[in-house]
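Below: the structure, in structure tokens.
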């Protein structure tokens, strides 16, 4: 009888232990499944980034003869024009605004030139940093270009409101792009377009401004059109006139230079009218 009671007690203990251990095992299994899914998703993101970086490196390695030279030539020109505009500008705020614009445009041309001409001479990590900066600079150039023209407006409420909106968006977009250079291309494209077209809502104020006026406003619009045309060539990879010498990417760079020239001429007109 005593032996039977001991056996029953042991069986009950085993059943109770099994019941206590079943649930933790299930929880542990579910946790592992979630961890495995998260790990697989992370691995897939890394693989995608690796494929895109390899594709970029291959594109840079097979670059046309003129790849990078347009922005290399534009870089010292942007330095000279920025210095002249700062010297001509009247008032501390306008000088500061032009300094910001000059810094963003010099960063655009300088990083682009270093990326395209220096590829193969820099370590891989340096190339990756240059790629991130090259893409994220678009936000800064858009905000930097808008800044001096907004400061030329007489309505200070509109000026500071738009500067705040544009620069907050540009800084956030730049930081996000530096951290996540791939995987959110569609979102970045939408933000680029919206940010670039933001001044359209007050373009009538540019037209009516005694310091900007119709001619400079048309140049501002023409410059934006050049940037968009170059971006379309880059996105479609067409036309690609002379792939080994001057391809679609060079047309993209030519569009950025065309936009820059239009905006610089307009900015000279604004600065001279404010003297």
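Residue numbers (the working numbering): 467 to 741. Ideal placement from N, C-alpha and C gives every residue a C-beta, glycine not left out.
- Message: Quick check: what's the CA-CA separation for residue 559 versus residue 678?
- Response: 16 Å
- Query: So is residue 620 buried or exposed if we call it buried at 16+ other beta carbons inside 10 Å?
  - Reply: exposed
- Is residue 657 near residue 627, with beta carbons less than 8 Å apart? no
- Query: How is residue 700 classed by DSSP in three states: helix, strand or coil?
  - Reply: helix
- Closest by CA to residue 640, which one among 669, 739 and 574? 574
- Can you tell me which of 608, 705 and 726 puts its alpha carbon nearest to the alpha carbon of residue 655? 608
- Item | C-beta atoms of residue 736 and residue 664 nearer than 8 Å | no
- Task: Indicate whether the contact test is met: 3 or more Cβ pairs, each with one atom in the segment 573-592 and one in the segment 527-539, closer than 8 Å.
- Result: yes
- Message: Is it buried or exposed, residue 671, if we count other Cβ atoms within 10 angstroms and call 16 or more buried?
- Response: buried
- Query: Got a sec, what are the start and stop residues for the alpha helix (DSSP H) residue 721 sits in?
  - Reply: 714-739
- Can you have a look at residue 630 and say buried or exposed, based on whether 16 or more other CB atoms are within 10 angstroms of its CB? exposed
- Grab me the residues of residue 567's own chain with a C-beta within less than 7 Å of its C-beta, minus the 5 sequence neighbours each way, in chain order. 610, 611, 613 and 614
- When the Cα atoms are used, what is the spatial distance from residue 585 to residue 593? 7 Å
- Give me the Cβ distance between residue 532 and residue 718, rounded to the nearest whole Å; I'm assuming they're in contact under 8 Å. Wrong, their Cβ atoms sit about 12 Å apart, outside the cutoff.
- Identify the continuous alpha helix (DSSP H) that holds residue 628 and give its terminal residues. 622-645
- Query: From 553, 551, 645 and 571, pick the residue whose C-alpha is nearest to that of residue 595; which is it?
  - Reply: 645
- Query: Are the beta-carbon atoms of residue 701 and residue 721 separated by less than 8 Å?
  - Reply: no
- If we ignore side chains and look at the alpha-carbon of each, how far apart do residue 674 and residue 730 end up? 20 Å
- Query: Can the beta-carbon of residue 685 be found closer than 8 Å to that of residue 625?
  - Reply: no
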